[in-house]
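Quick note on my numbering: the sequence shown kicks off at 7 and runs consecutively.
Glycine included, every Cβ here is placed at the ideal spot set by N, Cα and C.
Computed from a prediction, not measured in an experiment: that's the story for all the values here.
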Amino acid sequence: MAGNICPLCGEENGCMSGKNEACWCTHEEFPNDIFEVIPTEFLHKVCICRKCLLKFKEEMAAGR
Numbered sequence: 007m008a009g010n011i012c013p014l015c016g017e018e019n020g021c022m023s024g025k026n027e028a029c030w031c032t033h034e035e036f037p038n039d040i041f042e043v044i045p046t047e048f049l050h051k052v053c054i055c056r057k058c059l060l061k062f063k064e065e066m067a068a069g070r
């Protein structure tokens, strides 16, 4: 899987790591539980996208 693809939805993750711009994720808070849903082979190797992060947070807030 390419480094610019979200391992959860398969869409572009918008990662700016390694580029001259700040990545969107530097301003976000990631719940620890989100790392449990990322497939192990991609954990700490490929970024999730903002859409998946927001969806996860919404589901947590709704108690799912």
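Close CB contacts of Gly20 within its chain, under the 7 Å cut and outside five residues either way in sequence, are with Trp30, Cys55, Arg56 (chain order). Under DSSP, Glu65 shares a beta bridge with no residue. Lys63 sits close to Pro37, with the two beta carbons spaced by under 9 Å.
For Lys51 and Gly9, the gap between their C-alpha atoms comes out near 8 Å.
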